[in-house]
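Asker: Got a structure here, written out as structure tokens. Questions coming.
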Amino acid sequence: MVLTPTVAIEHPRFTGSPQLADVAAGVAVLGPGSRGDGLRAVQGALMDMGFALYGGADGRYGPDTARALRNFQVHAVGAAFPGVRASGVLDAVTLRALEALAPAQGSRGQARALPSPFYAGQPVRVVIALREHRTFLFDPEGRLLDIFPNAVGTAATPTHPGLKVVRAKLDQVATENAGARLWNDRHVFGARLLDLSWVDGHRSGEELHGTSAPALLGGDVSHGCIRHANEDILVLHDALAVGDRIAVVETLQDPHLGVPVTVG
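Here the UniProt record's numbering is used: the first residue of the sequence shown is 1, the next is one more, and so on.
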């Protein structure tokens, strides 16, 4: 008889799952072909942390789950979890990182390793992490309000890192008119658009906007703009004012960001 080693799973989101117990013990990984309640719990945690998972928490491993796991693993590598690789499969080291970072059941956000709401000493309302495809929204006092999945520029048309400001806010009618004028598609920018300039006033040619293709969130697919789900861009549009600062970084280890925020 072969005995399976026991590794304690402590996060309430993941306890009681034989599937995840095998992952924690290092005798299984969740990848192509996997399905089950343990995988559903992992998917739910990733969504609550702001990683894009268009198919939802359905307990089935597919391309959306692989992409969400890779984006989380990129974050975990930067958050100093040794051994994590951006493989897109759930192994023991990735599960340990997820246990450490996932919020409590029924909560959104992240337990620790959040970005600082300061860039080069200036307060910002939003931090956009390009490589992990997440947008962090802070209130004016620097408290995290929510984390949203995004899609950013391709290698040929990248989203440029740096400090930017909201130059203009477009409502739905203006957003649709801009889509029709620029792309002959009234819905290409989704429900809202926030035009960005560099902090020195020069136009950046980039915007925060919604999308007509939510299945592409979590990837590098745009012409440089930062896309969000339509329900999320509504929140960002309502929360932000003209002149608010937006920090765009490749990773949360960007030296311009202040000391990372630790929450209870």
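Heads up, the beta-carbon is just placed ideally off N, CA and C, and yes, glycines get one too.
Keep in mind the model is a prediction, meaning the values are calculated, not measured.
Taking Cβ positions, are S204 and H160 nearer each other than 9 Å?
Answerer: It is a contact, given that the beta carbons lie within the stated cut-off.
Asker: Could you check what DSSP says for F14 in three-state terms: helix, strand or coil?
Answerer: Three-state result, F14: coil.
Asker: So, using beta-carbon positions, are V152 and F138 closer together than 9 Å?
Answerer: No, the Cβ-Cβ distance between V152 and F138 is not below 9 Å.
Asker: Go ahead and label D91 buried or exposed: buried means 16 or more other beta carbons lie within 10 angstroms of its beta carbon, across all protein chains shown.
Answerer: Looking at its Cβ environment, which holds 16 or more other Cβ atoms inside 10 Å, D91 is buried.
Asker: By DSSP's criteria, G31 is part of a beta bridge. Which residues make up the other side?
Answerer: Bridge partners of G31: none, in fact.
Asker: Closest to E10 by C-alpha separation, out of L101, D185, P63, V27, would be which residue?
Answerer: Selected option, being the one with the closest Cα: L101.
Asker: Let me know the secondary structure DSSP gives D220 once reduced to three states.
Answerer: Reduced to three states, the DSSP call for D220 is strand.
Asker: For the beta strand (DSSP E) holding L196, just list the boundary residues, first then last.
Answerer: Taken as a continuous stretch (DSSP letters only), the beta strand (DSSP E) holding L196 covers 193 to 198.
Asker: Which same chain residues, not among the five before or five after A66, have their C-beta less than 6 Å away from its C-beta?
Answerer: Only G88 meet the Cβ criterion.
Asker: Ignoring anything shorter than 4 residues, give me the alpha helix (DSSP H) runs that lie fully in the stretch 92 to 141, in order along the chain.
Answerer: Taking only runs of at least 4 residues, the alpha helix (DSSP H) segments lying wholly in the stretch 92 to 141 are 92 to 101.
Asker: Look up G38 in the DSSP assignment and say whether it is helix, strand or coil.
Answerer: G38 falls in the helix class under three-state DSSP.
Asker: Residue range of the beta strand (DSSP E) that E207 falls in?
Answerer: Per DSSP, E207 belongs to the beta strand (DSSP E) from 203 to 209.
Asker: Counting Cβ pairs, one atom from each stretch, are 3 or more of them under 8 Å apart for the stretch 25 to 35 and the stretch 75 to 82?
Answerer: Taking 8 Å as the limit for Cβ pairs, the verdict is that the stretch 75 to 82 does not touch the stretch 25 to 35.
Asker: Under 8 Å, with one C-beta from each stretch per pair, do the stretch 29 to 41 and the stretch 207 to 225 reach the 3-pair mark?
Answerer: The stretch 29 to 41 is not in contact with the stretch 207 to 225.
Asker: Look up I246 in the DSSP assignment and give the residues it is bridged to.
Answerer: Per DSSP, V126, K164.
Asker: What did DSSP end up calling residue 276 once you bin it into helix, strand or coil?
Answerer: Coverage of the chain is limited to positions 1 through 264, which leaves residue 276 absent and any answer about it impossible.
Asker: Taking 7 Å as the limit between beta carbons, can you name the residues of its chain near K169, skipping five residues before and five after?
Answerer: Closer than 7 Å at Cβ, skipping near neighbours: L194, H237, V242.
Asker: With distances taken between CB atoms, is the gap from G55 to G258 smaller than 9 Å?
Answerer: Their beta carbons are not under 9 Å apart, which means G55 does not touch G258 by this criterion.
Asker: I'd like the span of the beta strand (DSSP E) that includes L234, first residue to last.
Answerer: Taken as a continuous stretch (DSSP letters only), L234 belongs to no beta strand (DSSP E), being part of the alpha helix (DSSP H) at 230 to 239.
Asker: Put G44 into one of helix, strand or coil per three-state DSSP.
Answerer: Note: G44 maps to helix in three-state DSSP.
Asker: So, at 7 Å on beta carbons, what are the nonlocal neighbours of V29 in its own chain, with the 5 sequence-adjacent residues on each side left out?
Answerer: Only V23, V89, L90, D91 meet the Cβ criterion.
Asker: Under 9 Å, do R125 and P117 count as touching if we go by C-beta distance?
Answerer: Yes.
Asker: On the criterion of 16 or more Cβ atoms from any shown chain inside 10 Å, does V173 qualify as buried, or is it exposed?
Answerer: Label assigned to V173: exposed.
Asker: Have a look at A104, G162, V221 and flag the residue whose alpha-carbon is nearest the alpha-carbon of D254.
Answerer: Looking at the Cα atoms, G162 is the closest of the given residues.
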